[in-house]
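Undergrad:
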Amino acid sequence: MADVPFNPLDKRNLGESVAGALLKRPVLTLPPENAFTGAGIYAIYYAGDFGPYEPVARLNRDNRYERPIYVGKAVPPGARKGGFGLGTAPGNVLFSRLREHSRSIEQTENLQLDRFTCRYLVSDDIWIPLGESLLIERFKPLWNVLIEGFGNHPTGKRRQQQNRSRWDMVHPGRSWANLLPANPKSTEQILGMIADFFAGRNVQTISPEEAVIDEDDE
101 MADVPFNPLD
111 KRNLGESVAG
121 ALLKRPVLTL
131 PPENAFTGAG
141 IYAIYYAGDF
151 GPYEPVARLN
161 RDNRYERPIY
171 VGKAVPPGAR
181 KGGFGLGTAP
191 GNVLFSRLRE
201 HSRSIEQTEN
211 LQLDRFTCRY
221 LVSDDIWIPL
231 GESLLIERFK
241 PLWNVLIEGF
251 GNHPTGKRRQ
261 QQNRSRWDMV
271 HPGRSWANLL
281 PANPKSTEQI
291 LGMIADFFAG
301 RNVQTISPEE
311 AVIDEDDE
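Using the working numbering, you'd call the opening residue of the sequence shown number 101 and step up by one each time.
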């Protein structure tokens, strides 16, 4: 069978390029100490002592940072409406997103912010979804494909009609989430799903395609 000719403009190859660039970036505190401008993608790493996360935490200790617990993106407003945001100044959307995430973690009862770190890559808008999609497909980050809800906002669309996310069940503390009805799955059931996920047992996850979401629509 003939080899498929290499096409550097193939979507997967473009995504690999963006993802590879992110993984070469330095690991910083969450949020980074210095504010910056731009849109882009990011990976968040956990190396703490929350028991159910030990399988991923140990991969990120001793400066290894081998598996992110969450991958996300931040794009200018125009890109969120289905366009590319061309000509739209991104401002500090990426830094703001990382700062939002740090505040969510600080509000929880069982996570410590200083056990989280991040990498980020400022990028042109058009490449951001490709890089995010490939990183989620490659690493299957827990908070993307199983424990959804980390990126939720209190004012998100349909929020009042939704149940508490799995993330908020496992990590209670966000005041607005506590006002929502409990998730159909109990905390104990969700913790069991986490154990099954890390053990490689059969557990229903969110597909990479479904996991690539616009946090501002949550």
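The beta-carbon is built from N, C-alpha and C at its ideal position, and this holds for glycine as well.
With DSSP collapsed to three states, give me the class of F297.
TA: In the structure shown, F297 sits in a helix (DSSP, three-state: H, G or I).
Undergrad: Could you please give the first and the last residue of the uninterrupted beta strand (DSSP E) stretch that includes R164?
TA: Looking at the DSSP string, R164 is not in any beta strand (DSSP E), and its letter there is neither H nor E.
Undergrad: Closest by CA to P241, which one among S275, A143, H271?
TA: Closest by alpha carbon: A143.
Undergrad: Is the stretch 283 to 300 close to the stretch 221 to 233, with three or more CB pairs under 8 angstroms?
TA: Not touching, per the Cβ criterion.
Undergrad: To the nearest angstrom, report how far apart R266 and L198 are at their CA atoms.
TA: The straight-line gap from Cα to Cα measures roughly 20 angstroms.
Undergrad: Can at least three beta-carbon pairs, one atom from the stretch 153 to 164 and one from the stretch 134 to 141, be found at a separation below 8 angstroms?
TA: The stretch 153 to 164 vs the stretch 134 to 141: no contact.
Undergrad: In terms of residue numbering, what span does the alpha helix (DSSP H) encompassing V171 cover?
TA: Careful: V171 lies outside any alpha helix (DSSP H), inside the beta strand (DSSP E) at 170 to 174.
Undergrad: Touch check for the stretch 297 to 310 and the stretch 225 to 232: three-plus C-beta pairs under 8 angstroms?
TA: Contact between the stretch 297 to 310 and the stretch 225 to 232 is absent, because fewer than three Cβ pairs lie under 8 angstroms.
Undergrad: With a threshold of 8 angstroms on Cβ separation, who are the neighbours of S275 within its own chain once the five nearest residues in sequence on each side are excluded?
TA: Closer than 8 angstroms at Cβ, skipping near neighbours: Q207.
Undergrad: For M293, I'd like the list of residues in its chain whose CB is within less than 6 angstroms of its CB, leaving aside the five on either flank, ordered along the chain.
TA: The residues are V303.
Undergrad: Counting C-beta neighbours from all protein chains within 10 Å, is the total for L279 16 or more, i.e. buried, or is it exposed?
TA: By the 10 Å Cβ count, L279 comes out exposed.
Undergrad: Determine, using beta carbons only, whether A311 and N244 come nearer to each other than 7 angstroms.
TA: Contact flag set, yes.
Undergrad: When the distance is taken between beta carbons, is V171 closer than 7 angstroms to L235?
TA: It is a contact, given that the beta carbons lie within the stated cut-off.
Undergrad: Could you give the residue range of the alpha helix (DSSP H) that holds I228?
TA: 228 to 239 is the span of the alpha helix (DSSP H), which, as asked, contains I228.
Undergrad: Along the chain, where does the alpha helix (DSSP H) containing V193 start, and where does it finish?
TA: Residues 193 to 207.
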